[in-house]
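Those sequence lines, one after another, are chains A and B. Residue 477 in this note's numbering sits at position 277 of the first sequence, and the numbers go up by one each step. Residue 466 in this note's numbering sits at position 266 of the second sequence, and the numbers go up by one each step. Each residue gets a CB set at the ideal place from its N, CA and C atoms; glycine is no exception. Here the structure is a predicted model, which means the values were calculated and not measured.
Number of protein chains: 2
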Amino acid sequence: MPENRRFLLRRRPDGEPVREDFALVTQQTPVLADGQFLIRNHYASLDPAMRGWMDDAESYMPPIPLDNPVRASTIGMVEESRAEGFAPGQWVMGLNGIEDYSVGMVGGFTQPIDPAMVPQVTNYLSLFGAVGMTAYFGFFDVCEPQKGETVLVTGAAGAVGSIVGQLAKIAGCRAIGIAGGPEKCARLTGRYGFDAAIDYRGKDEAALTHAIAQAAPDGVDIIFENVGGIILDAGLTNLNLHARVGLCGLISEYNTPPRGARNLWQLIVNRASIRGLLVADYVARFGEGAAKMAPWAASGQIVIDEHIDEGIENAYDAFMRLFAGTNQGKMILKLT
Amino acid sequence: MPENRRFLLRRRPDGEPVREDFALVTQQTPVLADGQFLIRNHYASLDPAMRGWMDDAESYMPPIPLDNPVRASTIGMVEESRAEGFAPGQWVMGLNGIEDYSVGMVGGFTQPIDPAMVPQVTNYLSLFGAVGMTAYFGFFDVCEPQKGETVLVTGAAGAVGSIVGQLAKIAGCRAIGIAGGPEKCARLTGRYGFDAAIDYRGKDEAALTHAIAQAAPDGVDIIFENVGGIILDAGLTNLNLHARVGLCGLISEYNTPPRGARNLWQLIVNRASIRGLLVADYVARFGEGAAKMAPWAASGQIVIDEHIDEGIENAYDAFMRLFAGTNQGKMILKLT
């Protein structure tokens, strides 16, 4: 049997994850039981939510057990099977780990996928995976956009945010994006079609509040929030009556004690709401989301960027790009 | 003409209001123009929201102008009239000021009331005024209670909170209240029918979180939030899936820089929402709310407490009770 390189969680990070929180080890490839199949992982999705799974905290999913591989959505190919419906050579996607080989089972989270249905098989980790579905259902179902409204997207150059901005334009809204650095901001307006981009770097809450007010002189009707902290607070100060904040993530608070949302008073002033969203609620409707977005992708109304780093030995550095903001698009690790 | 004692806002409070931010002055009683009437104010409602109106900040209402009387809902009697429909001797309620005499006008915020419709005329400032309507519409419309759910009310011994707890019981919910001190907690369970009471005094966030978990072993489905700060954060940690937080007030943050809500992550974990509520949105439906609550009040299913201090010269001390928590029920100032 081949060796199985696995990127293990060795200890729970205290704040920002450090290299020593993880270990790359080589272990035996598991032997299959009946109903199981062996997946050769080709790509692993790297997402901010994984940081939360590393903590020993109650959440929507159990923590990653110590000395287990870091949990991630992966795309791979069935290498060996003792399970009906999963023949060797079949492409699959599932919630597995950052490791060469994972074990899937019938009735588990791993499902067959058809690479012929998408331009690149990795698109199952971006537009046609959890990322794209988070954008689609988070925006349309949770934020309930109306034509002509102003939409503020934070973390707008990220995997989810860049899609939300394009969906906002498709919905007939004005789209304003917040991102870090001039390069990303240029990408927001130049490539994703945002109407305006705000560089948060070097801005305090007052400067951010002012920048949003300038980009949204009629106020903000929807915030698609990925960041939290002063960026969320600056957004809250610019809300319109009956505004909706779709709370998708709080990446600024994953590695530090949360600063807290200090402008909740604005929710009362504007009878506005903040609603948490999780793509897991929409699994049964993924087909609907994919069917809507496929023609938009085919016609170029939605463009996606994937930032693919190579090699399981680079898993830590690739993951940390998410927090440094040095990825240009959906972060993916190529394992083979 | 009689003299008009007026409780003026002299300067904008910096944090907790101090006595010197106000001044009691005697001015001439205004002379009426056509379409106006003179109101002899008998009672003024003292509410936490008034603290916000004292700041020079954008809100749902313009700030109280300096050297003007502190804005308040008042009940009074028409003393003199040059307006149709407002004859001398008519009882009225409106958004006026803490002063002996206010001027009303046709088409303004002052409306006739009928003292014969309620046990005490002051009930128009509690159960049948903004307070009662905030409780009724905030709970039923914003929080959407279902029978059997668990409702956490913060500021539960306050004017709005005490009514919300009783509405929760009427709706078939389990009601848990948070208040300050053993006397108030005894009132929650003994007088208002809450199933459990939590004394927040001397408890840090962890202790509050634990106390809520003990009182709500199956989690919290609804929070009716009047307080904010660590009390809100402790509540968020105990939310159930699809929980609703009706955000009515943030009294812990009105006189200090806000600490901020640091557990917003729980909204994602539980796909829960926070929605700001303001009674002004429901003015057209006040009749509906009053019609629902009148029989509950008559049958004793809802009891209300009014804490009435006397004398305009005591306006500052009476108002500050709201922040010290020394009022026992809806805070009202008797002016004559």
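Item, Value
"Beta carbon of A:T354 nearer than 9 Å to that of A:I431", "yes"
"A:V292 beta carbon less than 9 Å from that of A:I363", "no"
"Chain A contact for B:Q414 (CB, 9 Å cutoff)", "no"
"Exposed unless 16 or more other CB atoms sit within 10 angstroms - verdict on B:R219", "exposed"
"Under 8 Å (Cβ pairs) to chain A, residues found in the stretch 456-488 of chain B", "P457, P458, R459, G460, A461, R462, N463, L464, W465, Q466, L467, I468, V469, N470, R471, A472, S473, I474, R475, G476, L477, L478 and D481"
"B:A257, buried or exposed, once every other Cβ within 10 Å from all chains shown has been counted against 16", "exposed"
"Simplified DSSP state of A:A396, which is helix, strand or coil", "strand"
"Chain A within 9 Å of B:L450, Cβ atoms only", "yes"
"Any C-beta of chain B under 9 Å from that of A:L447", "yes"
"Cβ neighbours of B:I313 in the same chain (closer than 6 Å, five flanking residues each side left out)", "W291, M293 and Y324"
"As assigned by DSSP and simplified to three states, the class of A:Y516", "helix"
"Spatial neighbours of A:I230 in its chain, beta-carbon cut-off 6 Å, leaving aside the 5 residues before and after", "The displayed chain sequence assigns Pro, not Ile, to residue 230 of chain A. Excluding sequence neighbours, A:P230 sits near V303."
"Contact set between B:G428 and chain A, taken where Cβ atoms lie within less than 9 Å", "L464 and W465"
"Residues sharing a beta bridge with B:I468, DSSP", "BP columns for B:I468 are empty, so no partner."
"Contact under 9 Å by Cβ, B:A472 with B:V445", "yes"
"Beta-ladder partner(s) of A:F222, from DSSP", "A:L209"
"Close-in-space but distant-in-sequence residues of the same chain around A:D421 (CB under 6 Å, 5 per side omitted)", "E349, T350, N440 and A443"
"Span of the alpha helix (DSSP H), counted from its first residue to its last, around A:I363", "A359 to I370"
"Spatial neighbours of A:Y392 in its chain, beta-carbon cut-off 6 Å, leaving aside the 5 residues before and after", "S362, G365 and Q366"
"B:L388 classed as buried or exposed, judged by whether at least 16 other C-beta atoms fall within 10 angstroms", "buried"
"Where B:M493 sits in the DSSP three-state scheme", "helix"
"Sequence-distant residues of its chain with Cβ nearer than 6 Å to A:A272 (five each side left out)", "A244, S245 and I298"
"6 Å CB neighbourhood of A:C385 in its chain, flanking five on each side removed", "A379, A397 and D399"
"9 Å Cβ cutoff met for A:D300 and A:T536", "yes"
"Three-way DSSP call (helix, strand, coil) for B:D341 in this model", "helix"
"Residues, ordered as in the chain, of the stretch 250-279 of chain A that lie near chain B by beta-carbon distance below 8 Å", "G252, E258, S259 and Y260"
"Inter-stretch contact (C-beta, 8 Å, three-pair minimum) for the stretch 459-479 of chain A and the stretch 494-505 of chain A", "no"
"Bridge partner(s) assigned by DSSP for B:T274", "B:A244 and B:G294"
"DSSP-derived helix/strand/coil call for B:Q228", "strand"
"Cβ distance (whole Å) where B:F309 is taken to contact B:E280 below 8 Å", "Going by Cβ atoms, the distance from B:F309 to B:E280 rounds to 19 Å, so no, they are not a contact pair."
"Where the beta strand (DSSP E) through A:L441 begins and ends", "L439 to L447"
"Extent of the continuous beta strand (DSSP E) to which A:E453 belongs", "Per DSSP, A:E453 belongs to no beta strand (DSSP E) and is neither H nor E."
"Option in B:I508, B:L522, B:G285 and B:G428 with minimal Cα separation from B:L408", "B:G428"
"A:L327, DSSP secondary structure in three states", "coil"
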